[in-house]
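With the working numbering applied, the sequence shown closes on residue 230, and no number is skipped along the way.
Here's the structure, in structure tokens; my notes come after.
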Amino acid sequence: MARIVIVEDDDAIGGRLAEMLRAQGHDGDWCPDGAAALARAGRGPAELVLLDLGLPDADGFELCRDLRERLPGAVLVVLTARTGEMDVVQALESGADDYLTKPFRLAELQARIAAHLRRAEPGREGGPGLIRHGSLLIDRTARRCLIPTGEVELRPKEFDLLVRLAASAGLAVSREDLMSDVWDENWFGSTKTLDVHVAALRHKLGERVRITTLRHFGYRLEPPGEG
Numbered sequence: 004m005a006r007i008v009i010v011e012d013d014d015a016i017g018g019r020l021a022e023m024l025r026a027q028g029h030d031g032d033w034c035p036d037g038a039a040a041l042a043r044a045g046r047g048p049a050e051l052v053l054l055d056l057g058l059p060d061a062d063g064f065e066l067c068r069d070l071r072e073r074l075p076g077a078v079l080v081v082l083t084a085r086t087g088e089m090d091v092v093q094a095l096e097s098g099a100d101d102y103l104t105k106p107f108r109l110a111e112l113q114a115r116i117a118a119h120l121r122r123a124e125p126g127r128e129g130g131p132g133l134i135r136h137g138s139l140l141i142d143r144t145a146r147r148c149l150i151p152t153g154e155v156e157l158r159p160k161e162f163d164l165l166v167r168l169a170a171s172a173g174l175a176v177s178r179e180d181l182m183s184d185v186w187d188e189n190w191f192g193s194t195k196t197l198d199v200h201v202a203a204l205r206h207k208l209g210e211r212v213r214i215t216t217l218r219h220f221g222y223r224l225e226p227p228g229e230g
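Laid out in structure tokens, this is it:
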């Protein structure tokens, strides 16, 4: 069972999502506005958040940033009627891991939730759970990225993307494979989310990683000491 927070001001949508999640055995906690969402975040952790950007009492992007700060371990999925590419980019840069536009199909939402929760399970990668990449130590079981001076705080999808690239260090990985492996094999939305998350890894890890952009193909994480 996962603790899932629904932030949605539409009674029909919020109630239906809460009912769907509870029927699947999850703890679906419905918050009708931003104030309720922040209060819920203060009561304890959650595994996943479904966030509508169009709330009556809060700017959706600011609330996204606040929830990312208060629930750092949660996967944050934006549900919104906004379809512009800049809205997608701003949501991702505000802390979202995924973006689904309204109207959405419940089956697709269920599949994405299941995929996110499955990938967030401790030890789901198998093996000893450790990947060394130069000065980085990636602990897949504990979902931690360690450097000699301490821990680098990564968002859930940033961590998953780093694991996927590190597992194929030195090899070219296509955008399609990265979207399928890190997000969802049935992903239908913009792949701009991938570029935003790569940029975040470059910013947070600096010279410790060299992620090469392969134009019209994908990315390659260079082996330590190479570029």
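Ideal Cβ positions, reconstructed from N, Cα and C, are used throughout, including at glycine.
query	result
I'd like the list of long-range same chain contacts for glycine 17, defined as Cβ closer than 7 Å, with 5 residues on each side in sequence excluded.	Ile9, Glu11, Trp33, Pro35
Aspartate 101 bridges to which residues according to DSSP?	Val80
Would the beta-carbon of leucine 208 be found less than 7 Å away from any heavy atom of the ligand PLP?	You won't find the ligand PLP in this model; it holds no ligand whatsoever.
Is the distance from the Cβ of leucine 165 to the Cβ of leucine 204 below 8 Å?	yes
Beta-carbon of lysine 160 versus every beta-carbon of chain D: anything under 8 Å?	Judged by its chain identifiers, the structure shown contains no chain D, having just a single protein chain.
Applying the 10 Å Cβ sphere with the 16-neighbour rule, what's the burial state of proline 159?	buried
According to DSSP, is histidine 119 helix, strand or coil?	helix
Between which two residues does the alpha helix (DSSP H) carrying arginine 178 extend?	178 to 181
Under 8 Å: do the stretch 104 to 117 and the stretch 165 to 179 share three or more Cβ pairs, one atom per stretch?	no
Specify the secondary structure class of glycine 230 as computed by DSSP and reduced to three states.	No answer about glycine 230 holds up, because its pLDDT of 45 lies below 50 and its placement is not dependable.
Suppose the cutoff is 7 Å on Cβ atoms and the five residues either side in sequence are ignored; what does the same chain contact list for glycine 230 look like?	A caution first: glycine 230 carries a pLDDT of 45, below 50, which makes its placement in the model unreliable, though a value can still be read off. Arg213.
What do you get for glutamate 161, buried or exposed, if any count of 16 or more other CB atoms within 10 angstroms of its CB means buried?	buried
Cutting at 8 Å between CB atoms, please list the residues of its own chain near alanine 21, excluding the five before and the five after it.	Ile9, Gly31, Asp32, Trp33
When DSSP labels each residue in this structure, what does leucine 204 get in the three-state scheme?	helix
What is the C-beta distance between cysteine 67 and leucine 79, in whole angstroms, given that I count them as a contact (C-beta under 8 Å)?	7 Å
Going along the chain, which residues of its own chain have a beta-carbon closer than 7 Å to the beta-carbon of proline 227, five neighbours each way excluded?	His136, Gly137
Cβ of histidine 119 within 8 Å of Cβ of aspartate 90?	no
Given that a residue counts as buried once 16 or more other Cβ atoms are within 10 Å of its Cβ, and exposed if not, what is aspartate 60?	exposed
Count the other CB atoms, across all protein chains shown, that sit within 10 Å of the CB of arginine 218; report buried if there are 16 or more and exposed otherwise.	exposed
Considering only their Cβ atoms, is the gap separating proline 75 from glutamate 156 smaller than 8 Å?	yes
Which stretch, first to last residue, makes up the alpha helix (DSSP H) that contains leucine 165?	159 to 170
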